[in-house]
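What follows is a set of notes on a single structure, which appears directly below.
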Amino acid sequence: MSCPETFDEAQRNVYERAEGGDAEAMFLLASFYHNGDNVPVSESEAFAWCRKAAEAGSVNAMNNLGSLYGSGIGVKQSFEEAVRWFAKAADLGMADAQYNLAVMYNRGLGVEQDSVKGAELLCKAAQQGHEPAMDELARMYRSVQK
């Protein structure tokens with residue numbers, strides 16, 4: 565396969581790969597629709613491609629899908645669905661998803677509030693160098709020591 569010479573060629577290549585089942589191409593296509601990269605902005609198309617990518621195994625898409633459900637972008641807001649998708653990505657070791665899932669547990673969004681589970685997830689993310697997780701853990705420790 566040769567390198568595409570134009571953005572249009574590259575985008576066609578992404579479409580072909582996505583239609584062929586490539587999960588990361590599906591996720592890239594979702595970002596095209598989300599950002600309006602050479603296509604009209606469409607939150608519903610972005611969501612649809614993100615969901616396909618997540619179901620096809622893209623850990624990035626799983627985490628992003630959790631964010632979409634959590635914020636209600638392109639889909640009816642559902643903290644329970646957000647937790648489900650964050651958990652899938654977190655179980656695969658993604659630090660961003662571990663952090664996002666920790667936030668859900670710490671705030672009781674879509675799950676019963678559980679700061680112990682939240683701290684465990686923050687530790688996993690922090691061990692991978694995730695700075696927001698480190699900051700949140702430090703904040704939690706300071707609040708316990710007061």
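Here the working numbering is used: the first residue of the sequence shown is 565, the next is one more, and so on.
For every residue, glycine included, the Cβ atom is placed at its ideal position computed from N, Cα and C.
- Taking the Cα positions, residue 685 is about 13 Å away from residue 671.
- Taking every protein chain shown into account, the CB of residue 702 has fewer than 16 other CB atoms within 10 angstroms, so this residue is exposed.
- Residue 614 sits in a helix when the DSSP states are folded into three classes.
- With fewer than three CB-CB distances shorter than 8 Å, the region 617 to 624 does not count as touching the region 638 to 645.
- Here residue 588 has 622 as same chain residues with Cβ atoms under 6 Å from its own Cβ, once five neighbours each way along the sequence are excluded.
- The DSSP-derived three-state label of residue 699 is helix.
- In the three-state reduction of the DSSP assignment, residue 598 falls in the helix class, which pools H, G and I.
- Note that the C-beta distance between residue 646 and residue 668 is below 8 Å.
- Per DSSP, the continuous alpha helix (DSSP H) segment holding residue 660 begins and ends at 659 to 671.
- Contact check for residue 649 against residue 663 fails: the beta carbons are separated by 8 Å or more.
- Between the alpha carbons of residue 610 and residue 567 lies a distance of about 25 Å.
- In this structure, 659 is the residue among 681, 659, 677 and 680 with its C-alpha nearest to the C-alpha of residue 691.
- Secondary structure of residue 572 (DSSP, three-state): helix.
- Judged by DSSP secondary structure, residue 642 falls outside any alpha helix (DSSP H); it is assigned neither H nor E.
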